[in-house]
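Peer 1: For the sequence shown, UniProt numbering assigns the number 1 to the initial residue and increments by one for each residue that follows.
For every residue, glycine included, the Cβ atom is placed at its ideal position computed from N, Cα and C.
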Amino acid sequence: MEDLITSMLEQKVWVVAGSFRSEEKWAYKIYRKLKQKGYTVYALNKAIKEVDGDPTYPELKDLPQVPQVINLVTPPEVSRKLVDESKSIGIDYVWFQPGAESAEAVEAAEKAGLKVLHNACVYALHN
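#1: Please check the pair Tyr57 and Ala43, which I expect to be a contact at CB under 8 Å, by giving their CB distance rounded to whole angstroms.
#2: Count the other C-beta atoms from every protein chain shown that fall within 10 angstroms of the C-beta of Arg21, then say buried if there are 16 or more, exposed otherwise.
#3: Just verifying my parser: in three-state terms, what is the DSSP assignment at residue 129?
#4: Taking C-beta to C-beta, are Ile30 and Val73 nearer than 9 Å?
#5: Note the first and the last residue of the continuous alpha helix (DSSP H) segment covering Ala124.
#6: To the nearest angstrom, how far is it from the Cα of Leu125 to the Cα of Leu9?
#7: Excluding sequence positions up to five away, which residues of its chain have a Cβ less than 6 Å from the Cβ of Glu110?
#8: For Tyr42, name the three-state secondary structure that DSSP assigns.
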């Protein structure tokens with residue numbers, strides 16, 4: 001698992017999917033931390049237009065470039081849908097934040113050939 005974490009953190013283009021309504025939301029905290037660490041980060045959310053002055057994107061296909069990693073901070077049923085979309089646009093890595101995963105979503109990601117991480121928090125691991 002350590003090798004996979006290291007490999008994911010070496011990827012510099014990420015999309016974070018989740019709620020960004022307040023600075024207390026984990027998606028927002030992760031988005032901000034990755035940006036502060038120098039990553040290119042996109043926010044995926046249909047309900048809001050921007051995060052910290054950056055545009056949000058309603059669908060993965062709307063992103064200006066294909067991210068290497070999708071970080072899911074979403075309910076498991078939303079995570080499952082995003083796994084299929086991730087594979088179809090060429091994302092290689094899926095990081096399920098605690099609570100975003102389901103056995104079905106993890107299995108679907110693994111069967112699709114994606115590199116999958118769950119039961120770990122990127123915010124806590126990225127010092």
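Peer 2: Taking the structure as given:
#1: Within the sequence shown, the letter at position 57 stands for residue 57. Within the sequence shown, the letter at position 43 stands for residue 43. Indeed, because the Cβ distance is near 7 Å, the residues count as touching under 8 Å.
#2: Residue numbering aside, residue 21 sits at position 21 when the sequence shown is read from its first letter. By the 10 Å Cβ count, Arg21 comes out exposed.
#3: Within the shown structure, residues of the chain are numbered from 1 to 127, placing residue 129 beyond reach of any answer.
#4: Taking the first residue of the sequence shown as position 1, residue 30 is located at position 30. Taking the first residue of the sequence shown as position 1, residue 73 is located at position 73. Cβ distance < 9 Å, so Ile30 and Val73 count as in contact.
#5: Residue numbering aside, residue 124 sits at position 124 when the sequence shown is read from its first letter. 122-125 is the extent of the alpha helix (DSSP H) around Ala124.
#6: Residue 125 sits at position 125 when you count from the first residue of the sequence shown. Residue 9 sits at position 9 when you count from the first residue of the sequence shown. Spanning the two alpha carbons is a distance of roughly 9 Å.
#7: In the sequence shown, the residue the question calls residue 110 occupies position 110. The answer, listed in chain order, is Val116.
#8: In the sequence shown, the residue the question calls residue 42 occupies position 42. When DSSP states are grouped into helix, strand and coil, Tyr42 belongs to the strand group.
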